[in-house]
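Numbering (full-length UniProt numbering), first residue to last: 1 to 343. By construction, the Cβ of each residue, glycine as well, lies at the ideal position given by its N, Cα and C atoms.
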């Protein structure tokens, strides 16, 4: 069901690309009395009209031109699909206010910049190889951008790595081989830690954790050995599981989040705003090895569509990250501090 934004005329509307984590943002904004503009191509917008309780306004558009269709009364809530299909360059050029740290989108687009920021935060990171010829152990090779694991592969063979990356360049998936990340393959359990930093409260909130369910690598363990030898691994994300780390690990995760916030303040002032994610491997020695970050809401937060139990520890009730975003916008508007949460 669509409504006009005049019903929420006292507050800016949240502008959300119709994909990724849009459902929880729309639902959460309604609970906080904040309007939402869903924008994107018609085939993406169709899904949201199927849920009667979701209320939003629609802007049908495609590509970088989408942002030009949004008015100054909107605040963009970036998600992975917006970064991938509209592009961080268009976000940087746009004059529409953005909830979060706009400059972080550029850092997120480059593997070299990502790893530099993680190291600036003092976090433990895997070894990075500058080119295939340096590889002397098992590595995982990743493409840039918010591609949901598409095109990733593992190998310990420099010739194979170069051959496959050259194929990606020929196919237009890479501009150059140097744009790919070649990281040491760390053995352990992946965990994606979700956070929310509030400039209004000057507080970091732990919002939850997820594990990605990836095709076909998560299915190969059940496949016959002969089939595993024939079929290569792929890491396309098809869904997410909630995960609750043992309580003894929580302080380490919180300290990592605090270190990341401080690093962004030093390197990209005023620093991270709102949701972000630190992606890591937990080894059998319970060591956290951080290999990536996302400076925005991540799809893994969809695992608690009924509300994050961790956010309940801060607010007295479960809520989604989408609602937490809307709450921050509402508080900022009430205090005449929207400039503190937008860039």
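Close-in-space but distant-in-sequence residues of the same chain around residue i (CB under 6 angstroms, 5 per side omitted)
i, result
"residue 197", "204, 261, 272"
"residue 275", "196, 297, 321"
"residue 40", "17, 18"
"residue 384", "An answer regarding residue 384 cannot be provided, because it is not within the stretch 1 to 343 covered by the chain."
"residue 132", "158, 161, 162"
"residue 265", "271"
"residue 4", "Its pLDDT being 35, under 50, residue 4 is placed unreliably by the model, and the measurement read from it follows with that caveat. Once the five neighbours on either side are set aside, residue 4 has no close Cβ partner at all."
Same chain only: Cβ atoms within 7 angstroms of residue i, ignoring 5 sequence neighbours per side
i, result
"residue 87", "64"
"residue 340", "199, 200, 332"
Extent of the continuous alpha helix (DSSP H) run through residue i
i, result
"residue 113", "111 to 120"
"residue 253", "247 to 267"
"residue 322", "321 to 334"
"residue 160", "158 to 170"
"residue 90", "88 to 93"
Beta-carbon proximity of residue i to residue j, cut-off 7 angstroms
i, j, result
"residue 296", "residue 100", "yes"
"residue 193", "residue 235", "no"
"residue 282", "residue 138", "no"
"residue 121", "residue 263", "yes"
"residue 77", "residue 25", "yes"
"residue 126", "residue 243", "no"
"residue 256", "residue 123", "yes"
"residue 291", "residue 278", "no"
"residue 343", "residue 102", "yes"
"residue 37", "residue 20", "no"
"residue 171", "residue 142", "no"
"residue 104", "residue 268", "yes"
"residue 11", "residue 308", "no"
"residue 210", "residue 300", "yes"
"residue 206", "residue 331", "no"
"residue 61", "residue 13", "no"
Limits of the unbroken beta strand (DSSP E) element including residue i
i, result
"residue 103", "No beta strand (DSSP E) holds residue 103; DSSP gives it neither H nor E."
"residue 212", "203 to 216"
"residue 60", "57 to 60"
"residue 142", "139 to 142"
"residue 198", "189 to 198"
"residue 288", "288 to 294"
"residue 67", "Residue 67 -> no beta strand (DSSP E), and no H or E assigned at all."
Residues near residue i by beta carbon distance below 8 angstroms, same chain, minus five either side
i, result
"residue 7", "Note on residue 7: pLDDT 44, under 50, position unreliable in the model; the coordinate value appears next. Excluding residues within five positions, the ones whose Cβ falls inside 8 angstroms are 35."
"residue 2", "At residue 2, the pLDDT of 35 sits below 50, so the modelled position is not reliable and the matter cannot be decided from this model."
Residue i in three-state terms, based on DSSP
i, result
"residue 4", "With a pLDDT of 35 at residue 4, under the threshold of 50, the modelled position of that residue is not reliable, and the figure given next carries that caveat. Residue 4: coil per DSSP, three-state reduction."
"residue 30", "helix"
"residue 303", "helix"
"residue 357", "Lying before the first or after the last residue shown, residue 357 is absent from the chain, which here runs from 1 to 343."
"residue 223", "coil"
"residue 81", "helix"
"residue 421", "No answer is possible for residue 421: it lies beyond the span of the chain, which begins at 1 and ends at 343."
"residue 308", "strand"
"residue 281", "strand"
Of the listed residues the options, nearest to residue i (C-alpha basis)
i, options, result
"residue 326", "32, 105, 22, 20", "32"
"residue 27", "59, 53, 214, 15", "53"
"residue 140", "250, 156, 171, 62", "156"
"residue 51", "71, 37, 23, 70", "23"
"residue 250", "152, 233, 287", "287"
"residue 213", "189, 227, 202", "189"
"residue 302", "49, 313, 315, 319", "319"
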